[in-house]
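Residue numbers (this note's numbering), protein chains in the order written: chain C, 1 to 111; chain W, 1001 to 1114.
Backbone N, C-alpha and C fix where the C-beta goes; we use that ideal spot for every residue, glycine too.
Before any comments, here is the structure.
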Amino acid sequence: AQSVTQPDIHITVSEGASLELRCNYSYGATPYLFWYVQSPGQGLQLLLKYFSGDTLVQGIKGFEAEFKRSQSSFNLRKPSVHWSDAAEYFCAGGGYQKVTFGTGTKLQVIP
Amino acid sequence: DSGVTQTPKHLITATGQRVTLRCSPRSGDLSVYWYQQSLDQGLQFLIQYYNGEERAKGNILERFSAQQFPDLHSELNLSSLELGDSALYFCASSVDSSYFYEQYFGPGTRLTVT
């Protein structure tokens, strides 16, 4: 079955530190992969997406993600976190018939 | 602002009642998706419409139904409401029906069933 797993429910990082949020997928073929961000009280906003080609994808707000087929992973990274990045992050995979969202990772940023 | 509008923002109702949530997609988008987000279930895909036709179904209960009208706005109808239906309901739209395309999410409708 198609699935997306985010193993970390909650992550805390210091402002200015680097960030990596993990996402693992299980799809028969290469899926379309997305990262969305949800700020408190808001809907989800797309950060970046991958569907083919260069495995390192650049997104908005300084985020990037790397598709690694050998590890079935699509981890989200940011070199230096800002307090405004505190939010919930969702990895999603699109395949036949539907898109599946992970359970989300809540990011807390401390001064 | 994603361009997707949802009304109402908040809804409080009693068990056994019926409510209708409304969504207007971004201008030019033909596909509409409905999601339910709750603390215990996370973000669950309910149903997708494309240009007025049902395209895909997710974990939608039989008590729930949806439709997309000729002007492309969509409504999600929830009936015989239970306490467990309390959640945030999101509508999203995309230009086409393929999951390749980015989905633009509305701000959500928070439903509280008492």
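Contact between the stretch 73 to 80 of chain C and the stretch 8 to 22 of chain C is present, with at least three C-beta pairs closer than 8 Å. Scanning the stretch 31 to 85 of chain C from its first residue to its last, the whole beta strand (DSSP E) runs of 3-plus residues come out as 32 to 38, 44 to 50, 56 to 58, 64 to 68, 73 to 78. For Leu1021(W), there are no C-beta contacts with chain C under 9 Å, since the nearest C-beta of that chain is about 14 Å from it. Proximity of Val99(C) to chain W, defined by a Cβ-Cβ separation below 8 Å, is satisfied.
Beta-bridge partners of Glu1062(W) (DSSP): none assigned.
Ser1024(W) is positioned such that its CB atom lies no closer than 8 Å to that of Tyr1050(W). The criterion of a C-beta distance shorter than 8 Å is not satisfied by Ala87(C) and Thr100(C).
Looking only at Gln1048(W), Leu1083(W), Asp1040(W), the smallest Cα-Cα distance to Leu1072(W) is reached by Gln1048(W). For Gly1084(W), the three-state secondary structure derived from DSSP is helix. Close to Ser1002(W), with beta-carbon spacing below 8 Å, are these residues of chain C in chain order: Gly43, Gln45. For Phe1064(W), no chain C residue has a C-beta closer than 9 Å to its own C-beta; the minimum C-beta separation is roughly 16 Å. In this structure, Arg1018(W) keeps its C-beta atom at 8 Å or more from the C-beta atom of Ser1002(W). Between Phe1100(W) and Gly94(C) the beta-carbon gap is near 7 Å, inside 8 Å, which marks them as a contact. DSSP places Phe101(C) in the strand class (E or B) of the three-state scheme. With respect to chain C, the C-beta atom of Glu1075(W) has no partner C-beta closer than 8 Å. Listed as beta-bridge partners of His10(C) by DSSP are Lys106(C). At a Cβ-Cβ threshold of 8 Å, Asp1029(W) and Val1113(W) do not count as neighbours.
Between Tyr1089(W) and Gly1108(W), the gap from beta carbon to beta carbon is short of 8 Å. Tyr27(C) carries a coil assignment under DSSP once its states are collapsed to helix, strand and coil.
When C-alpha distances from Cys23(C) are compared across Leu56(C), Ala29(C), Asp8(C), Pro31(C), the shortest belongs to Asp8(C). If the five residues before and after Asp1085(W) are omitted, its C-beta is found closer than 7 Å to the C-beta atoms of Leu1078, Leu1111, Val1113, all from its own chain and listed in chain order. Contact between Cys1091(W) and Gln1006(W) holds, since their C-beta atoms are separated by about 5 Å, short of 8 Å. For the stretch 4 to 28 of chain C, the set of positions with a beta-carbon nearer than 8 Å to some beta-carbon of chain W is empty.
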